[in-house]
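Protein chains in written order, with full-length UniProt numbering: chain Z, 1 to 531; chain R, 1 to 531.
I have placed the structure first, in the form of structure tokens, so that the comments after it can refer back to it.
Protein chains: 2
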Amino acid sequence: MNQNQGKKKIMVYDTTLRDGAQGEGVHFSTQDKLSYVKRIEEMGSLYVEAGWPGANPRDEEFFQQYRESKTSLTRVAAFGSTCKVSESPEQSDILLKLVGSKAKTITIFGKSWDLHVRDVLRATLEENLRLIRESVAYLIAQGREAFFDAEHFFDGFKENPSYALKCISAALEGGAKTIILCDTNGGSLPSDIEKGVRTVLQEFAPQELGIHVHNDRGLAVANSLMAVEAGATQVQGTWNGFGERCGNANLSTLVPLLQLKGDYDVVSEAALLKITAFSRFVAELSNAPFDEKQPFVGRSAFAHKAGMHVDAILKNQRTFEHIDPADVGNERRILISDQAGKANILERLCRFEPTLRKDDPRVEQAMHEIKELEHQGFQFEAAEGSLDLLLLRILGKLNSSAFEVLDYHVWSDPLRGELDSVAVVKVKVGEETVQIASEGNGPVNALDTALRQALAKFFPVLKESELVNYKVRVLDGAHGTEAVVRVIMDTRLGEEVWGTIGVSKNILKASAQALLDAINCTIWRGDSNPG
Amino acid sequence: MNQNQGKKKIMVYDTTLRDGAQGEGVHFSTQDKLSYVKRIEEMGSLYVEAGWPGANPRDEEFFQQYRESKTSLTRVAAFGSTCKVSESPEQSDILLKLVGSKAKTITIFGKSWDLHVRDVLRATLEENLRLIRESVAYLIAQGREAFFDAEHFFDGFKENPSYALKCISAALEGGAKTIILCDTNGGSLPSDIEKGVRTVLQEFAPQELGIHVHNDRGLAVANSLMAVEAGATQVQGTWNGFGERCGNANLSTLVPLLQLKGDYDVVSEAALLKITAFSRFVAELSNAPFDEKQPFVGRSAFAHKAGMHVDAILKNQRTFEHIDPADVGNERRILISDQAGKANILERLCRFEPTLRKDDPRVEQAMHEIKELEHQGFQFEAAEGSLDLLLLRILGKLNSSAFEVLDYHVWSDPLRGELDSVAVVKVKVGEETVQIASEGNGPVNALDTALRQALAKFFPVLKESELVNYKVRVLDGAHGTEAVVRVIMDTRLGEEVWGTIGVSKNILKASAQALLDAINCTIWRGDSNPG
């Protein structure tokens, strides 16, 4: 049975590829956009605003390639603006390019704040109404679904309400069925949003009313929620809250928030289960950092650090979790740090020795060693692989490392081009000693390659694992390149991904530590889950 | 005159050092906490919850050292809990340690959700009321100001309202003047908050009512705002929103939001001007990443990327800024990317050539080169130093680099301990060629040292500048150590800090690129602002 039966349908309009791409540090190539649109389908029926054909070459290219990909263009919207002052729609390069994109849905924004008409368009208020009315009418005459974004509606509604409403009415006269009220500057409060939405619904009762807000006061999610409560039926936003300045309403938060509230049909249960993975996919695609503190989808969203919280959660998960992490495809994590109580460490140790009791001296020892290493700059929250190795040693399940590194050197000649570095490593496995030299692209890669070559014949599982991420953090910024650096690497083996850590003043040494933990952990995981 | 005259006073209670420290990746040493408390005074009259004496050695140490520092302990609060089940306050190790901290203000939390009493305390509902009443009474008998945190109040109020209210009344019977309603799990909606706050005010009218919420649904700021609108007079939160799971209400957002709303007296105008710098200071102290997208205080908060926005903002700042960035000590930034219109690039070029016109061919050329480099993985948003060098070359103001690097090699032997790396560089300045070898802690430091040694005698300004940050990002995570890496370094010269960038498969080469830009930029800035 469908859990959404009888609930009010809320349409999600996803502008990650357009407004999201206007966020600092967010970049999508044409290929990125194509893979995005392919994968978005798993999130269910959304509108995707994919770009502004004409504004930059990439967006034009996207719509062309998307057409050639022969996928149905339904629900992939092109974004643009009304025609320009004193120009007719037929002459408008902007509108021609929008129509040329062949998108069935075209969203255009128009000014609804008189300040913008005067200071930016430098046109009469009447002329702006013409631009809106005629541009919308033109798109509809071309057989397109036309959405109208009332840019800066809430600012305009505050300063000149009657004019802001005239702009809406111009779009409706033009034939728009869907009107989107925008808090473009993100300065509005929930009470402003409620007033604006209710007024527009009373005055015009458009077929569909959307809300598009920015997060400049940290209220984007609350303002979108308020708009829906006041009667809006379309929410616009971006995954991970990417977007201009502080970003747009965060769909990764808003979608589960509305869906789990119970009275709205936003996405399917199946889509909700994929929302954590999808949010991360979007961040990786865009190359922007993923905010791990994000509600619902962040790695920290259900991560418990304080000892008392962990103790409680193990008694009843509701005590410190507002929902079941599994409902959004996320998972609970018990963090190990100097804040950790015995409960945190015991929980982790019990993965390897289920019968371990709280008063076992090794629990105390583990706590002590972890706090000591964290004091030196280690941080195990993001390096569960290194943590596991530490705990396994304490439990006596990994008495000696599977191999020993007797020596290593690295030589780098960066002006030489490809394979500009050489690493020499000397390892001992059992009684056998192997010395290998290997080239690499950069010293860390050379070292990685040399170590894997030297060890692969003894531990074939190393051929299956790969390094998927490499992070460096300067621990004390004040010392520049002489500072202690922390390297964290993520290794993938099959479906599993885990982090390992190294800390040193020498970035190579820190990398080697993390690399050796990655290799040891791969070997151990390979042995413990054979096949 | 005081701009806060006649406004309603809102007390800020800052729990960054306690609840904030429970956030993943957030760490404060005792020394960190001492410098924090020293510096917090510039933010005006706040309560600072500095830790839980007894819960971990660091917090006990803090209160002791803070006492010895002879600074008045006023407004530095100690946090803890009620005494334990079937124990009297006089026997309670928790309460004794709290009193022992000598803090004048002591905040204790108690259960107000019956689920917690049953499943975590495993006590009778009556016993829990006794713990609350007697613990508060004991602290007051010891002459302390006792604040009561009603943990999970909103969840409790939803499931068993009468019991949740009994817990509040127990604290008041014990003599508490200040009651704080907590949304500990962060699952409440603004409407839940409003209902709870109004009910408690009607039933008990406590002298002061506080609100403490978490951000698990992205509503922490909105919920705090709602509580204040409903009558709460104390807001609890953390700078940068640090805290357990998704974090607490973000004071960096909430303080300016409430202050700029106009009807509340939260902090002084002078404090508001320091809020951006202070938020960054807190992040650096805690070693946690600073969210640059944060409202008001983030680097991106007033950063404009889309060409049309920049064009508008140069006509009237109100068009795309909800407040003047200067009011919160932040600044506008015009970003340069492939989204940039000519307006962005022109604005930047005009810093060096104010008379430059939009149709100058060099504007087009700059746009072209930037888009090409961004395509290769460069990102100038965070590397304004490298961007300026690029633009200066295009403008013909930096025809040839001040020096030439003929060759460099690096050798590293990480097992050797300190100074385990050697760099050999050969540079040409004018007609003079200098070859220098230098040791360093790690290859990047060795290269840095060698280059500076070789060049300092020609460019003394290099002795004044320092590298303050060093970041590495793997551009294509899927290729591990063989991937292209982007290095961004921040250099400080006097008060100015700027970034430079390098991109290569070899981390040393990428570092060298960024380093050489840093050096060139230092030399150029040294020349352009002599003295």
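Cβ coordinates follow ideal geometry from the N, Cα and C atoms, glycine included.
message: Assuming residue 542 of chain R is part of the alpha helix (DSSP H), what are its boundary residues?
response: Residue 542 of chain R lies beyond the residue range present for chain R, which begins at 1 and ends at 531; the question has no answer from this structure.
message: Is the separation between the beta-carbon of R:I334 and that of R:E321 shorter than 8 Å?
response: no
task: Check whether the Cβ of R:G25 lies closer than 8 Å to any Cβ atom in chain Z.
output: yes
- prompt: chain Z beta carbons: is any one of them nearer than 8 Å to that of R:V99?
  reply: At a cut-off of 8 Å between beta carbons, R:V99 makes no contact with chain Z.
Which residues DSSP lists as bridging Z:E90, in chain order: Z:E90 pairs with nothing; no bridge assigned.
- request: Counting only the same chain and skipping the five closest in sequence on each side, list residues whose C-beta sits under 6 Å from that of Z:T105.
  value: If we look at Z:T105 and ignore the five residues flanking it on each side, its Cβ neighbours are A77, E145.
- prompt: What are the start and end residues of the alpha helix (DSSP H) that includes R:T276?
  reply: 275-286
query: Does Z:V410 come within less than 8 Å of chain R when only Cβ atoms are used?
result: yes
- prompt: Between Z:E466 and Z:S511, what straight-line distance do the alpha-carbon atoms span, to the nearest angstrom?
  reply: 15 Å
- prompt: In whole angstroms, what is the alpha-carbon distance linking R:A249 and R:S438?
  reply: 49 Å
message: With a threshold of 8 Å between beta-carbons, can Z:R245 be considered close to chain R, or not?
response: yes
message: Quick check on DSSP: helix, strand or coil for Z:E219?
response: Correcting the residue type first, residue 219 of chain Z is Leu in the shown sequence and not Glu. The answer is coil: DSSP assigns Z:L219 none of H, G, I, E or B.
Pairwise C-alpha distance: Z:M43 and residue 534 of chain R: Only positions 1 to 531 of chain R appear in this structure, which leaves residue 534 of chain R out of reach.
message: Using only the alpha-carbon positions, how far apart do R:T16 and R:F290 sit?
response: Their Cα atoms are separated by approximately 14 Å.
task: Kindly list, in the order they appear in chain Z, the residues whose Cβ is closer than 8 Å to that of R:F302.
output: Chain Z residues near R:F302: R245.
- prompt: Taking a cut of 8 Å between CB atoms, which residues from the stretch 261-292 of chain R lie near chain Z?
  reply: K261, E284, N287, P289, D291, E292
query: For Z:V410 versus Z:L508, is the C-beta spacing smaller than 8 Å?
result: yes
query: Going by C-alpha distance, which of Z:S88, Z:D93, Z:L34 is nearest Z:Q64?
result: Z:L34
message: Can you confirm whether R:G186, when its beta carbon is compared against all beta carbons of chain Z, has any partner nearer than 8 Å?
response: yes
message: Relative to the C-alpha of R:G329, which candidate in R:K457, R:A271, R:G494 has its C-alpha closest?
response: Closest by alpha carbon: R:A271.
message: Using a 10 Å radius around the Cβ and a threshold of 16 neighbouring Cβ atoms, would you call Z:E134 buried or exposed?
response: buried
query: Per DSSP, what kind of secondary structure is Z:L356 in: helix, strand or coil?
result: Coil, per DSSP.
task: Tell me, please, which residues DSSP counts as bridged to R:M489.
output: R:Y470, R:T500
query: Quick one, which of Z:G231, Z:T491, Z:E24 has its alpha-carbon nearest R:A383's?
result: Z:E24
field: Length of the line joining the Cα atoms of Z:G241 and Z:S252
entry: 7 Å
- prompt: Residues of chain Z with a CB under 7 Å from the CB of R:F157: which are they?
  reply: By Cβ distance, chain Z contributes nothing, its closest Cβ being about 15 Å from R:F157, past 7 Å.
In DSSP terms, what R:C182 is bridged to: In the DSSP output, where bridge partners are listed per residue, R:C182 has R:H212.
Simplified DSSP state of Z:T433, which is helix, strand or coil: Note: Z:T433 maps to strand in three-state DSSP.
message: In whole angstroms, give me the CA-to-CA distance for Z:C350 and Z:V363.
response: For Z:C350 and Z:V363, the distance between alpha carbons rounds to 10 Å.
message: Can you check whether the C-beta of R:I507 is within less than 8 Å of a C-beta belonging to chain Z?
response: yes
query: Nearest chain Z C-beta to R:Y163 closer than 8 Å, yes or no?
result: no
- request: Classify Z:V297 as helix, strand or coil using the three-state DSSP reduction.
  value: coil
- request: Grab the span of the alpha helix (DSSP H) containing Z:A141 for me, first residue to last.
  value: 125-141
field: Own chain residues within Cβ distance below 8 Å of R:Q365, not counting five before or after
entry: I394
message: Please report the straight-line C-alpha distance between Z:V427 and Z:T433, rounded to a whole angstrom.
response: Going from the Cα of Z:V427 to the Cα of Z:T433 covers about 6 Å.
- prompt: Residues of chain R with a CB under 9 Å from the CB of residue 532 of chain Z: which are they?
  reply: Nothing can be reported for residue 532 of chain Z, as the shown portion of chain Z is limited to 1 through 531.
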